[in-house]
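A short worksheet on the structure shown next.
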Amino acid sequence: MQTRQLLQKPEEQKSMIEMADAHCHLSILSDPLIIKGSVDYGVSTIITNGVDTPSNIRTLDIADNRHVFPALGVDPEHALAIEESSFEKELEFNVSMIRQNASRLVAIGEIGLDYWIGGGPRNLARQKKVFERFIDLAIELNLPVSVHSRNALKDVLAILKEKDPKLVHLHFFEGGTEEAKLVQKQGYMISVPPIESSKRKRVISMMPLELIMAESDSPVVGQDPKAVEKSLHYIASIKNMPFEEAAQIITANTKRFFGIYQKTGKKLIRY
Ligand SMILES: [Zn+2]
Numbered sequence: 112m113q114t115r116q117l118l119q120k121p122e123e124q125k126s127m128i129e130m131a132d133a134h135c136h137l138s139i140l141s142d143p144l145i146i147k148g149s150v151d152y153g154v155s156t157i158i159t160n161g162v163d164t165p166s167n168i169r170t171l172d173i174a175d176n177r178h179v180f181p182a183l184g185v186d187p188e189h190a191l192a193i194e195e196s197s198f199e200k201e202l203e204f205n206v207s208m209i210r211q212n213a214s215r216l217v218a219i220g221e222i223g224l225d226y227w228i229g230g231g232p233r234n235l236a237r238q239k240k241v242f243e244r245f246i247d248l249a250i251e252l253n254l255p256v257s258v259h260s261r262n263a264l265k266d267v268l269a270i271l272k273e274k275d276p277k278l279v280h281l282h283f284f285e286g287g288t289e290e291a292k293l294v295q296k297q298g299y300m301i302s303v304p305p306i307e308s309s310k311r312k313r314v315i316s317m318m319p320l321e322l323i324m325a326e327s328d329s330p331v332v333g334q335d336p337k338a339v340e341k342s343l344h345y346i347a348s349i350k351n352m353p354f355e356e357a358a359q360i361i362t363a364n365t366k367r368f369f370g371i372y373q374k375t376g377k378k379l380i381r382y
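Residue numbers (the working numbering): 112 to 382.
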């Protein structure tokens with residue numbers, strides 16, 4: 112906060128730097144003031160992701176399609192948590208919730224593969240089935256996908272290449288420079304969390320800024336969407352650019368990728 116205030120001349124204090132958080136989970140943050148606080152701070156575009164049935168329902172309730180935009184999906188961890196007997200039914204419930212609300216969704220997400228929680232061939236088969244089901248849905252509805260990958264990037268990239276959804280966002284990109292080259296070739300976007308590492312630094316250095324977004328991954332990683340400022344500072348320092356310039360380009364990338372202008376003001380459909 113101090114850095115930003117120092118960067119602003121006194122007469123410009125009202126024109127804040129606009130920031131966009133490409134990935135977070137507001138459904139877990141119980142205090143609605145957190146959203147207001149983040150928006151007032153300058154994070155005026157927030158993409159919030161559901162991960163299972165209750166969080167998808169809550170995500171639709173929280174999103175106002177003004178500052179907070181919804182992405183719905185079933186992530187690998189929650190895909191594995193569904194009881195076998197209700198698996199198909201629950202999956203289809205989420206699919207129809209997505210279809211019903213497609214006009215106000217900015218992505219299908221969070222979806223993906225997580226081999227860290229992995230556990231046995233049956234679990235891997237289920238993770239892949241759910242991931243592929245939602246990619247098919249994104250293609251059908253012409254929506255971007257926001258993808259989670261942990262220890263699973265090889266398979267994630269192979270499935271994405273085969274299915275070929277139009278717009279792909281790899282959140283919390285875990286790859287190194289070799290995988291980043293593939294990602295760049297495919298024209299996928301990555302987003303950078305507020306955590307520094309030498310591997311991440313190398314990836315940010317080589318990726319064109321046009322393919323980079325910033326995320327807080329709050330409240331899992333950052334405390335709230337304001338943490339995206341740290342991600343932006345990190346990217347700006349690696350790209351050797353002034354913070355304002357990097358923030359402006361990255362915010363524009365995020366709005367363009369998620370089609371924010373077309374999704375603003377879309378009505379809430381209660382499921
Ligand atoms: Zn997430």
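Cβ coordinates follow ideal geometry from the N, Cα and C atoms, glycine included.
Could you tell me which of the options sits nearest to residue i, measuring between CA atoms?
i, options, result
"valine 154", "Leu252, Asn205, Leu343", "Leu343"
"proline 165", "Pro276, Thr365, Ala190, Arg261", "Ala190"
"glutamine 211", "Lys239, Asn167, His178", "Asn167"
"glycine 287", "Arg311, Leu281, Lys239, Lys366", "Arg311"
"valine 162", "Leu140, Thr156, Leu271, Glu221", "Glu221"
"threonine 375", "Ala291, Met317, Pro181, Ile349", "Pro181"
"cysteine 135", "Leu322, Gln359, Ile173, Val279", "Ile173"
"histidine 60", "Ala213, Lys200, Tyr299, Val150", "Because residue 60 is not part of the residues shown, which for the chain are 112 to 382, the question remains open."
"alanine 338", "Ser141, Gly148, Asp142, Met208", "Gly148"
"glutamate 203", "Lys240, Leu171, Lys272", "Lys240"
"aspartate 335", "Met127, Glu194, Ser308, Ile146", "Ile146"
"valine 206", "Val294, Val185, Gln297", "Val185"
Can you give me the Cβ contacts of residue i inside the same chain, cut-off strictly under 8 angstroms, excluding the 5 residues immediately before and after it?
i, result
"lysine 274", "Glu243, Ile246, Asp247, Ile250"
"glycine 230", "Leu191"
"asparagine 253", "Lys277"
"valine 217", "Ile158, Phe180, Pro181, Ala182, Leu254, Pro255, Phe369, Gly370, Ile371, Lys374"
"glutamate 129", "Gly153, Ser155, Thr156, Ala358, Gln359, Thr362"
"leucine 117", "For leucine 117, the predicted structure reports a pLDDT of 49, less than 50, and the residue's modelled location is therefore unreliable. The matter cannot be settled from this model."
Ends of the alpha helix (DSSP H) at residue i?
i, result
"isoleucine 246", "231 to 252"
"valine 303", "Counting along the chain, valine 303 falls outside any alpha helix (DSSP H), though it belongs to the beta strand (DSSP E) covering 300 to 303."
"threonine 204", "Just to set this straight, residue 204 is phenylalanine in the shown sequence, not threonine. Unbroken alpha helix (DSSP H) run through phenylalanine 204: 198 to 212."
"aspartate 132", "Run containing aspartate 132: none in the alpha helix (DSSP H); it sits in the beta strand (DSSP E), 130 to 135."
"leucine 268", "264 to 274"
"histidine 344", "339 to 349"
"leucine 171", "164 to 173"
"valine 314", "309 to 317"
"leucine 281", "Premise fails: leucine 281 lies in the beta strand (DSSP E), 279 to 281, not in any alpha helix (DSSP H)."
"valine 294", "288 to 297"
"threonine 365", "354 to 368"
"isoleucine 371", "371 to 374"
In the DSSP assignment, what residue or residues form a beta bridge with residue i?
i, result
"glycine 223", "His259"
"phenylalanine 180", "Ile158"
"valine 185", "BP columns for valine 185 are empty, so no partner."
"alanine 218", "Ala182"
Which residues mark the beginning and the end of the beta strand (DSSP E) in which residue i is found?
i, result
"methionine 324", "323 to 325"
"aspartate 151", "Element bounds for aspartate 151: not the beta strand (DSSP E) but the alpha helix (DSSP H), 143 to 152."
Spatial neighbours of residue i within its chain, please: CB distance less than 6 angstroms, with the 5 preceding and 5 following residues excluded, ordered by chain position.
i, result
"phenylalanine 284", "Ile301"
"tryptophan 227", "Arg261, Asn262"
"glycine 370", "none"
"glycine 333", "Pro305, Ser327"
"arginine 169", "Ser138"
"lysine 387", "This structure cannot speak to residue 387, because the chain is shown only from 112 to 382."
Tell me which residues share the same chain as residue i and place their Cβ nearer than 7 angstroms to its Cβ, disregarding the 5 neighbours each side in the sequence.
i, result
"asparagine 234", "Leu191"
"arginine 237", "Ala190, Leu191"
"serine 176", "It is worth fixing the name first, because residue 176 is asparagine in this sequence and not serine. Same-chain partners within the cutoff: Arg215, Lys374, Thr375, Gly376, Lys377."
"valine 267", "Gly223, Leu224, Val258, Ser260"
"serine 316", "Ile349"
"isoleucine 346", "Val303, Ile315, Ile323, Ala325, Ala357, Ile361"
"leucine 293", "Leu268"
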